[in-house]
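Below: one structure, written as structure tokens.
In mature numbering (1 follows the signal peptide of the UniProt record, and there is no 0), the protein residues as written are -27 to -1, 1 to 258.
Have a look at this one:
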């Protein structure tokens, strides 16, 4: 195999590895925070996250109902979370604000919960310790006003995941048998039930997010909080230092694209040094 081709393959294979490398040593001093909008009748808001120690805040614009970010790694310390009307000045009075104290290794969800009339910000401590061998771990986040009390179980086995989970509350995690099974959601005291497919793999930690459907009824999202063999918490990304940042789920893709561009640039340099002039270069996108 020509040397230039070997070099090209090495660079391309190395590009996604940038995303897969182990966390740096300083990660041991960091905790994780994610943000959520779980109030059904509250319009979208701009969310600001800032350290009380100083520095530019991070802004997440127009966050709507049902949105849950991935985890963001943060240095240990106390942070302020503020919600403002979309487009309101950063200096304006927030609609809501709270603080979260991040400790090394801790994981937290800061969520806007309840109806608009009694809207509040709640800091939820996330227990992301992986389950016992051969098990999955599941909890229920009830963000539906249509189900003020909710029972959740595995339809095929009857295994109970939550009983009487109240609106605007989060249950404790519970270990269950892993697999693909229908999840049964039933308002407490009602005969009406909704079944949705769930896929909970062994070694995974999951949140079952129950929301009001746009056209009535309930809608359910099963979110992966952590997983064996992956970064814990899953999807921890840094949105940057200050300014207007996108909600964090796009960052992994961005890192991979940047890595590929770097690899392509290095390839051009290598080809200039090792390949005769008569060889045509590949077109760059």
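A virtual CB, placed ideally from N, CA and C, is assigned to each residue, including glycine.
None of the values given here were measured: they were computed from a predicted structure.
- Can you grab the Cα-Cα spacing for the pair residue 98 / residue 188, in whole Å? Residue 98 and residue 188: Cα-Cα distance of roughly 32 Å.
- Please determine if the segment 4 to 18 and the segment 74 to 87 are in contact, where contact requires at least 3 C-beta pairs separated by less than 8 Å. Contact between the segment 4 to 18 and the segment 74 to 87 is present, because at least three Cβ pairs lie under 8 Å.
- Nearest residue (CA-CA) to residue 24, options 37, 46 and 78: It is 46 whose Cα lies nearest to the Cα of residue 24.
- With a Cβ-Cβ cutoff of 8 Å, do residue 109 and residue 160 count as a contact? For the 8 Å CB-CB criterion, residue 109 and residue 160 do not form a contact.
- Item | Same chain, Cβ closer than 6 Å to residue 39, neighbours up to 5 away in sequence not counted | So the qualifying residues of the chain are 184.
- Task: Could you check the C-alpha separation between residue 78 and residue 51 for me, to the nearest Å?
- Result: About 14 Å.
- Message: So for residue 346, helix, strand or coil by DSSP?
- Response: The structure shown has nothing for residue 346, since the chain only spans -27 to 258.
- Item | Residues near residue 125 in its chain [Cβ-Cβ closer than 6 Å; skip 5 each side] | Setting aside the 5 residues that flank it on each side, residue 125 is surrounded in the same chain by 113, 134, 135 and 158, each with a C-beta closer than 6 Å to its C-beta; the list follows chain order.
- Task: Whole angstroms is fine: what's the gap from residue 31's alpha carbon to residue 174's?
- Result: Approximately 34 Å, taken between the alpha carbons.
- Query: DSSP puts residue 124 in a beta bridge; with which residues?
  - Reply: 159.
- DSSP on residue 2, reduced to helix/strand/coil? DSSP places residue 2 in helix when its eight states are reduced to three.
- Message: Assuming the contact rule is C-beta atoms closer than 8 Å, residue 12 and residue 92 should be a hit. Round their C-beta distance to whole Å, please.
- Response: Under the criterion of beta carbons closer than 8 Å, residue 12 and residue 92 qualify as touching, at roughly 6 Å.
- Cβ neighbour criterion (16 or more within 10 Å) applied to residue 76: By the 10 Å Cβ count, residue 76 comes out exposed.
- First and last residue of the beta strand (DSSP E) that includes residue 63? No beta strand (DSSP E) contains residue 63, which DSSP labels as neither H nor E.
- Query: Between which two residues does the beta strand (DSSP E) carrying residue 43 extend?
  - Reply: From DSSP, residue 43 is part of no beta strand (DSSP E); its letter is neither H nor E.
- Out of 202, 201, 165 and 156, state which residue places its alpha-carbon closest to the alpha-carbon of residue 195. Nearest option by C-alpha distance: 156.
- Message: Just to confirm, is the Cβ distance from residue 182 to residue 41 under 8 Å?
- Response: Yes, Cβ-Cβ distance for residue 182 and residue 41 is below 8 Å.
- residue 111 vs residue 179 beta-carbon contact at 8 Å: Yes, these two residues count as a Cβ contact at 8 Å.
- Return the CA-CA distance between residue 118 and residue 89, expressed in angstroms with no decimal places. Rounded to whole angstroms, residue 118 to residue 89 spans 11 Å at the Cα level.
- Would you call residue 19 buried or exposed, if buried means 16 or more other Cβ atoms sit within 10 Å of its Cβ? That one is buried.
- Query: Is it buried or exposed for residue 27, if we count other Cβ within 10 angstroms and need 16 for buried?
  - Reply: Looking at its Cβ environment, which holds fewer than 16 other Cβ atoms inside 10 Å, residue 27 is exposed.
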